[in-house]
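Trainee:
Protein chains: 2
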Amino acid sequence: MEGNTAPDPAIHRMLHPRSIAILGASNDPLKLSGRAIALMKRFGYTGRLLPINPAREQVQGLPAHPRLAEVDGEIDLAMITLPADQVVEAVRDCAQRGVPAAIVGAAGFAELDEQGALLQQQLVDVAAETGTRLLGPNCLGMFSLRDKAMATFTSAMDGDFTPREGPLAFVSQSGAFGTFIFSAAQHAGIGISHFLNTGNEADLSVAELLGGLVELDEVHALMAYLEGVHDGPELLAVARRAHELDKPILAVKVGRSDAGARAAASHTASLAGEDAVFDGVVRQFGVVRADGMDQLLGAAMIFAGGRRARGEQLTTLSLSGGAGVLMADAASRHGLDVAAWEPEWQHRMAEVIPAFGSPRNPVDLTANLISDPGMLRRALQIAVEHPGSDLIAVLLGNADHAADELIGAIEHAYRSTDRPLVVVWTGGSGRPRERLRELGIPCFTDPGRAAAALGALAGYSLRPAPPSPQRPPDVDHKVVRAILCEARDHGRRHLDEHESSRLIAAYGVPCAGAFTAKDPHGAVAAARELGAPVAVKVLSRSIGHKSDVGGVRLGLRTDAEVRSAAEDLMDLEPDVRLLVQRMSTGTELIVGIKRDPAFGPVVVVGLGGVLVEVLADSRAGVVPLDAASAKRLLTSLRGSGIFAGIRGQAPRDLDAAADAVARVSWLAHDLADELEELDVNPLLVDDRGVVAVDCLAVLR
Amino acid sequence: MEGNTAPDPAIHRMLHPRSIAILGASNDPLKLSGRAIALMKRFGYTGRLLPINPAREQVQGLPAHPRLAEVDGEIDLAMITLPADQVVEAVRDCAQRGVPAAIVGAAGFAELDEQGALLQQQLVDVAAETGTRLLGPNCLGMFSLRDKAMATFTSAMDGDFTPREGPLAFVSQSGAFGTFIFSAAQHAGIGISHFLNTGNEADLSVAELLGGLVELDEVHALMAYLEGVHDGPELLAVARRAHELDKPILAVKVGRSDAGARAAASHTASLAGEDAVFDGVVRQFGVVRADGMDQLLGAAMIFAGGRRARGEQLTTLSLSGGAGVLMADAASRHGLDVAAWEPEWQHRMAEVIPAFGSPRNPVDLTANLISDPGMLRRALQIAVEHPGSDLIAVLLGNADHAADELIGAIEHAYRSTDRPLVVVWTGGSGRPRERLRELGIPCFTDPGRAAAALGALAGYSLRPAPPSPQRPPDVDHKVVRAILCEARDHGRRHLDEHESSRLIAAYGVPCAGAFTAKDPHGAVAAARELGAPVAVKVLSRSIGHKSDVGGVRLGLRTDAEVRSAAEDLMDLEPDVRLLVQRMSTGTELIVGIKRDPAFGPVVVVGLGGVLVEVLADSRAGVVPLDAASAKRLLTSLRGSGIFAGIRGQAPRDLDAAADAVARVSWLAHDLADELEELDVNPLLVDDRGVVAVDCLAVLR
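Protein sequences appear in the order of chains Y and C. If you read the first sequence in the UniProt record's numbering, its first letter stands for residue 1, the second for the next number, and so on. If you read the second sequence in the UniProt record's numbering, its first letter stands for residue 1, the second for the next number, and so on.
1. When DSSP labels each residue in this structure, what does arginine 688 of chain Y get in the three-state scheme?
2. Would you check if the region 356-371 of chain C and the region 424-431 of chain C touch, i.e. whether three or more CB-CB distances between them fall below 8 Å?
3. Helix, strand or coil for tyrosine 225 of chain Y per DSSP?
4. Look up lysine 253 of chain C in the DSSP assignment and give the residues it is bridged to.
5. May I ask you to report which of helix, strand or coil DSSP gives valine 282 of chain C?
6. Return the bridge partner residues of tryptophan 425 of chain C from the DSSP annotation.
7. What residues from chain C crowd round isoleucine 646 of chain Y, counting only those whose CB sits closer than 8 Å?
8. Are the beta-carbon atoms belonging to arginine 471 of chain Y and tryptophan 666 of chain Y less than 8 Å from one another?
9. Taking asparagine 197 of chain C as part of the beta strand (DSSP E), name the residues at either end of that continuous run.
10. Within 10 angstroms of the Cβ of histidine 490 of chain Y, are there 16 or more other Cβ atoms? Answer buried if so, exposed if not.
11. Counting along the chain, where does the alpha helix (DSSP H) carrying residue 729 of chain C start and finish?
12. Count the other CB atoms within 10 Å of the CB of glutamate 342 of chain C; is the residue buried (16 or more) or exposed (fewer)?
13. Is alanine 465 of chain C near the ligand PLP, in the sense that its beta carbon is under 7 Å from a heavy atom of that ligand?
14. Have a look at Y:Asp93, Y:Glu74 and Y:Glu70 and flag the residue whose alpha-carbon is nearest the alpha-carbon of isoleucine 80 of chain Y.
15. So what's glycine 211 of chain Y in DSSP terms, helix, strand or just coil?
16. Under 6 Å Cβ to Cβ from alanine 527 of chain Y, same chain only, skipping five residues before and after it: list those, please.
17. Would you mind telling me which residues of chain Y sit closer than 7 Å to aspartate 446 of chain C, beta carbon to beta carbon, in chain order?
18. Using 8 Å for Cβ pairs, my map puts isoleucine 590 of chain Y next to valine 612 of chain Y. What's the rounded Cβ distance?
19. Glycine 280 of chain C: buried (16+ other C-beta within 10 angstroms of its C-beta) or exposed?
20. Which residue marks the beginning of the beta strand (DSSP E) containing glycine 305 of chain Y, and which one marks its end?
21. Taking only beta-carbon atoms, is arginine 164 of chain C less than 8 Å away from chain B?
22. List the endpoints of the continuous alpha helix (DSSP H) containing phenylalanine 177 of chain Y.
23. At a Cβ cut of 7 Å, what residues of the region 345-365 of chain Y count as close to chain C, listed as they run along the chain?
24. What is the C-beta distance between leucine 391 of chain Y and proline 420 of chain Y, in whole angstroms, given that I count them as a contact (C-beta under 8 Å)?
25. At what residues does the alpha helix (DSSP H) containing leucine 634 of chain Y begin and finish?
26. Using a Cβ-Cβ distance cut-off of 8 Å, determine whether alanine 224 of chain Y contacts chain C.
27. Does any residue of chain C have a CB that is nearer than 8 Å to the CB of arginine 333 of chain Y?
28. Let's test the definition: count the other Cβ atoms within 10 Å of the Cβ of serine 270 of chain Y and tell me whether it reaches 16, buried, or not, exposed.
29. Take glycine 639 of chain C as the anchor and find which of C:Gly255, C:Leu495, C:Thr587 and C:Pro624 has the nearest alpha-carbon.
30. Hey, would you say alanine 300 of chain C sits closer than 8 Å to alanine 221 of chain C, going by beta carbons?
31. Which same chain residues end up closer than 7 Å to tyrosine 225 of chain C when comparing Cβ atoms and leaving out the 5 residues on each side of it in sequence?
32. Would you grab the beta carbon distance between tyrosine 460 of chain Y and isoleucine 441 of chain Y for me? Rounded to a whole angstrom, and I think it's under 8 Å.
33. Can you check whether the C-beta of isoleucine 642 of chain C is within less than 8 Å of a C-beta belonging to chain Y?
34. Please name the residue, chosen from Y:Asp686, Y:Val661 and Y:Asp673, that lies closest to aspartate 679 of chain Y on a Cα-to-Cα basis.
35. With distances taken from CA atoms, which of C:Ala598, C:Ala532 and C:Ala523 is nearest serine 564 of chain C?
36. Can you look up arginine 48 of chain Y in the DSSP assignment and give me helix, strand or coil?
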């Protein structure tokens with residue numbers, strides 16, 4: 001389920017405010033309540049800056065108003081620098097004055113204690129009641145570098161720091177770490193358009209702000225630092241919109257490991273959510289997920305250039321053969337292809353490099369490059385012309401004295417192509433790196449980090465479209481309603497295997513032929529109808545129960561075997577009912593529906609049998625899924641090699657499996673309010689189709 | 001098989017040369033043949049510097065000798081800066097003059113063309129003939145910073161660069177990339193004792209030089225950059241010695257991926273070798289393998305401190321909760337444990353941090369730390385006292401203005417404990433990082449890189465001892481000789497299944513009971529003797545053949561089934577012989593022997609059945625292995641969860657499996673000259689032991 005895509009106009013005004021009122025503005029530029037004004041004076045805010053302070057006529061040399069109500073003209077944004085207990089009242093003032101959005105910097109809300117949580121609830125209520133949008137509380141505020149709107153008390157600008165404007169917008173849940181990332185990004189030459197810190201997210205979430213930022217022309221890529229996801233649907237909506245606009249979202253989300261998730265849960269009021277679900281969203285919607293700050297900044301550097309890769313083939317030119325090999329290793333790890341060039345292109349390259357170099361790719365220019373830097377221009381010319389060079393990396397090091405000519409060659413090549421080209425310049429004074437970054441050419445110090453960034457760029461460039469699921473036309477809604485009504489009427493939350501199978505069968509998922517039976521006689525009749533071999537199972541309404549009590553008999557071939565099994569099972573419990581089912585074979589899949597706190601119902605797929613126990617391997621996707629996305633979920637399983645058909649088997653019918661998963665996802669979508677969870681285990685897939693052999697559903 | 005452990009005295013003299021002769025010394029300090037003298041003059045070489053030049057009386061102000069023969073006194077090292085075609089003669093001069101070691105800088109040998117390869121062979125020959133040890137050719141030479149012996153023409157010292165001496169020695173096969181790594185290391189504040197570039201390795205290899213360096217008191221850790229391994233046994237020997245001395249070897253070896261290995265093969269005369277074997281050596285011998293330069297330098301920074309971890313438990317103190325969670329994520333990825341503290345320790349921590357922080361671990365000190373930097377001293381005091389804090393990380397950022405007090409607190413804590421303590425200081429001016437590094441305290445910019453380094457440190461600190469295998473006392477060498485003689489007498493390289501099984505049985509590996517049979521009658525008799533169920537197989541002398549021709553019948557229970565199967569199989573080929581074998585069950589392992597170009601015979605283990613096809617998962621180890629190492633090989637398989645016993649099975653008898661692997665490794669060791677390869681597939685392991693069900697061996 002996805003959220004709204006049209007951003008609130010209040011967010012647009014906040015992102016480029018023509019006027020900012022500072023409530024509680026201090027005359028002291030070093031105080032938290034004085035910093036924003038000091039910053040805006042220092043950098044030259046282009047709009048109207050309106051200090052509000054009932055005790056002073058002037059604040060830091062600017063005329064002050066005693067109250068918001070007394071300010072003339074439109075106010076796009078209020079920054080409330082008052083203590084926590086005065087904030088709710090201040091928001092009311094903003095609403096009354098028609099200010100569409102306010103920043104609440106103060107701490108002392110949900111992050112502090114229960115009383116703070118109550119105060120935060122009041123903030124939530126007043127925002128909902130008045131429609132005034134809130135950033136925070138417990139946040140550093142925001143800034144927009146184009147208009148020098150520095151509605152923040154961040155320390156990131158301390159000293160003689162001059163921020164570098166650029167095409168990346170950055171939204172961080174964390175103030176402190178967000179600031180560090182901002183500083184490190186600027187140090188790495190990455191220009192930023194906006195920085196916003198959401199803090200406790202009483203109202204505006206990271207996702208909703210990204211939704212506003214993605215619409216801005218000057219923003220070409222978005223960075224997000226998340227500790228948890230509050231509004232999954234909104235995140236899906238912005239991811240879809242970002243895909244449409246071809247503006248990548250680069251996200252770090254902490255809590256990836258179990259240890260991290262436990263720590264995240266203790267750290268914020270955030271729900272860490274199930275990280276696997278977030279990962280599924282990332283895969284489905286083309287979000288670029290970074291492991292940490294280094295990867296985030298590496299990706300930012302390369303995405304800032306705005307180029308896209310046409311394929312995954314990397315050409316590397318290196319002045320050290322070993323470095324080229326190291327790059328090939330790292331590139332493979334990150335999904336890139338480092339194939340040798342075609343003989344005719346090798347031949348061309350061989351003409352411009354020394355005989356003891358290598359023209360294959362990675363191209364080894366040899367250390368002769370230092371004494372003959374012109375070689376780089378000639379080699380790059382060929383690399384740029386080579387049609388298979390989807391991405392190009394140049395690996396250099398030290399060589400400060402030859403830097404001018406080398407950089408000239410790189411710049412010339414960079415301008416002559418629209419393909420991604422990066423430089424790895426290891427060691428040396430660092431001045432060549434700075435110069436390249438000034439020229440807008442991504443430059444790294446380490447081949448591994450460059451490879452990670454190039455891999456992210458290729459992955460994004462070649463991303464599949466987000467799911468565009470089509471509702472299956474053949475769902476038997478009458479059956480679905482009947483099963484749910486029957487259970488509800490009897491106050492049952494657990495559907496038995498027969499009911500659960502009929503539920504998915506109503507959504508078009510093939511189920512193993514089966515009949516219920518009340519006694520051994522009925523079981524034998526059912527078995528005859530189905531044909532041997534059959535399974536006889538206790539019909540249970542609690543997941544897992546029937547195996548625990550030994551309530552399953554498999555591979556029964558004769559009447560006598562069926563009768564004997566049925567008799568045994570009927571002895572297990574009073575009033576037991578039996579399910580007689582045709583036996584099937586195939587590769588075992590598990591398909592389930594779970595509820596995620598942030599994203600609602602999700603489909604989880606995994607391999608069954610031995611593999612699930614050994615690999616603990618599963619993938620999650622938000623619903624509904626189209627068949628293409630469902631197929632990607634399945635093929636992204638670590639053990640997906642099994643689908644090729646092992647030990648001489650024909651390939652498994654992946655299309656049928658994907659279709660079944662997509663149908664289950666529609667069931668999850670349609671019954672979001674009714675269904676708590678569902679497990680198909682196993683769904684058997686062979687070379688000609690799928691069949692669900694066991695299914696249990698639990699209602700909410 | 002391991003090499004010699006006593007380093008050649010010539011290497012020792014080269015590593016601390018009291019006198020260096022420069023053959024072909026140029027008066028021009030900018031020429032390659034003049035650079036070494038210029039560098040030694042600039043840094044003040046502590047020994048005798050002896051330019052050899054028949055055309056000049058003085059070289060760069062130093063008295064020159066026309067010929068080596070005319071120099072008085074001992075000469076520890078010669079640096080030959082002559083063109084390739086004069087090098088062999090110069091080495092002869094060195095030998096005649098009693099110079100134990102010479103550096104050959106010139107290119108134009110095996111890296112160039114076939115003629116160069118011939119010239120290199122002459123070098124190899126003259127080194128072997130005279131005993132003069134050679135570094136190179138095609139190398140940058142070496143330097144030792146303690147004595148300022150700069151026998152190198154590296155450009156790494158260009159400009160006003162002053163090298164930083166320290167406890168890490170670095171040997172690189174690559175000149176260019178080695179130089180970049182050296183420069184980057186120095187830039188990161190990592191002090192170096194020696195740098196050596198081995199180039200074409202006509203004589204001295206990385207391993208042998210590490211063997212010399214590891215004995216030096218001032219060297220506490222070794223770094224190696226490898227493009228291929230030339231002498232595996234020597235590397236094992238130095239790894240074992242380094243383990244004894246507790247001096248870690250930090251290694252980057254390129255060619256890890258298939259693409260990289262292909263590229264490496266094209267790049268150097270090096271054999272990239274099978275990377276999996278190198279990885280096995282790393283695991284067995286406690287070498288720290290880094291993925292690339294970043295990881296290498298991160299590890300170097302932390303190992304330079306010399307501290308060791310007592311366990312894997314990481315305590316993190318952070319001024320941003322989110323950064324702490326990110327660190328927990330990364331730490332888990334690198335094998336560290338980030339458990340919450342015990343309640344009483346949380347209680348102590350809670351007393352010194354704000355109420356909205358977290359005392360659990362990761363400890364969230366909150367951004368209040370900026371205004372109250374004294375908090376860090378109090379919190380670190382508790383962290384250092386906490387007995388479970390095996391490793392400690394402090395996460396800070398920006399905060400230049402509070403840096404002095406924060407650094408003071410960190411230094412105080414660092415000095416008060418012998419546990420590893422690192423700082424991650426993100427963003428800001430970089431000056432705090434420099435200051436911390438000056439104090440010898442490892443400092444990173446990114447939590448992820450710090451976690452990788454801490455993980456490497458913990459892994460090394462807790463490394464198992466290298467294998468100390470005990471020869472199994474019960475090997476039946478008579479049987480082994482008989483089988484080999486029989487095959488050799490008949491000119492056969494392929495042993496059949498029965499012979500191969502008897503071979504491993506002679507080494508004490510349990511094999512499934514089996515008899516050979518010449519006809520159906522014999523097969524039935526054998527089956528009766530063995531007890532049902534049995535398998536009947538064609539006895540084949542080529543691997544894979546018997547399955548291809550359908551020569552295996554399984555699960556035969558009755559005389560009639562055995563007879564019929566035997567009759568069918570005898571029709572397959574003329575003169576076919578049969579093997580009748582007792583059927584066994586269990587989890588399938590594959591155990592094999594292969595030959596590695598660098599390390600000789602190696603044992604390869606993997607999971608069989610479905611898992612091998614889906615996971616393509618195997619591990620290699622050099623032979624012989626002890627049972628503990630064999631067990632680690634097995635448990636390091638990605639699918640090793642299967643040993644716990646799945647689907648209600650009892651745990652598999654890993655000790656029996658490890659014993660079998662160790663016995664196979666002894667077979668590989670003892671028959672290194674006779675055996676080409678051997679495959680046990682499968683070795684079945686259940687809860688009570690192992691049994692080899694199929695085995696085929698090929699002789700050399």
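No residue lacks a Cβ here, since even glycine has one placed at the ideal position from N, Cα and C. Note that this is a predicted model, so its numbers are computed, not measured.
Mentor: The relevant details are as follows:
1. In this structure, arginine 688 of chain Y counts as coil in the three-state DSSP scheme.
2. No: fewer than three Cβ pairs fall under 8 Å.
3. Tyrosine 225 of chain Y: strand per DSSP, three-state reduction.
4. According to DSSP, lysine 253 of chain C bridges with C:Leu226.
5. Per DSSP, reduced to three states, the secondary structure at valine 282 of chain C is helical.
6. BP columns for tryptophan 425 of chain C point to C:Leu396.
7. Chain C residues near isoleucine 646 of chain Y: Val610, Glu613 and Val614.
8. Yes, they are a contact pair.
9. Segment 192-197, the beta strand (DSSP E) holding asparagine 197 of chain C.
10. By the neighbour-count criterion, in which 16 or more other beta carbons inside 10 Å mark a residue as buried, histidine 490 of chain Y falls on the exposed side.
11. No answer is possible for residue 729 of chain C: the residues shown for chain C start at 1 and end at 700.
12. With fewer than 16 other Cβ atoms within 10 Å, it is exposed.
13. As presented, the structure is devoid of all ligands, the ligand PLP included, so that no description of it is given.
14. The candidate whose alpha carbon is nearest that of isoleucine 80 of chain Y is Y:Asp93.
15. Of the three classes helix, strand and coil, the one that applies to glycine 211 of chain Y here is helix, per DSSP.
16. Cβ neighbours of alanine 527 of chain Y within its own chain (closer than 6 Å, five residues either side excluded): Val534, Val562 and Val580.
17. Simply Gly292, Met293 and Asp294.
18. Between valine 612 of chain Y and isoleucine 590 of chain Y the Cβ distance is about 6 Å, and since that is below 8 Å, they are a contact.
19. With 16 or more Cβ atoms within 10 Å of its Cβ, glycine 280 of chain C is classed as buried.
20. First-last for glycine 305 of chain Y: undefined, no H or E at that position.
21. Within the model displayed, chain B is absent; protein chains Y and C are what it includes.
22. DSSP places phenylalanine 177 of chain Y in the uninterrupted alpha helix (DSSP H) bounded by 175-187.
23. Cβ contacts with chain C come from Ala355, Phe356, Ser358, Arg360, Pro362 and Asp364.
24. About 5 Å separates the two Cβ atoms, so the contact holds.
25. According to the DSSP assignment, leucine 634 of chain Y belongs to the alpha helix (DSSP H) that extends over 627-635.
26. Alanine 224 of chain Y does not count as touching chain C.
27. Yes, contact with chain C.
28. Only weak support exists for where serine 270 of chain Y lies, its pLDDT of 42 falling under 50; the value from the coordinates is given anyway. Buried: at least 16 other Cβ atoms inside 10 Å.
29. Distance from the Cα of glycine 639 of chain C is smallest, within the candidate group C:Gly255, C:Leu495, C:Thr587 and C:Pro624, for C:Thr587.
30. Contact: yes.
31. Counting only Cβ-Cβ distances below 7 Å, and skipping sequence neighbours, we find Ser172, Gln173, Ser174, Phe177, Gly178, Ile181 and Val252.
32. Actually they do not touch by this definition, with Cβ atoms about 19 Å apart.
33. At least one CB of chain Y lies nearer than 8 Å to the CB of isoleucine 642 of chain C.
34. Considering only alpha carbons, the answer is Y:Val661.
35. Out of C:Ala598, C:Ala532 and C:Ala523, the CA that lies nearest to the CA of serine 564 of chain C is found in C:Ala523.
36. Reduced to three states, the DSSP call for arginine 48 of chain Y is strand.
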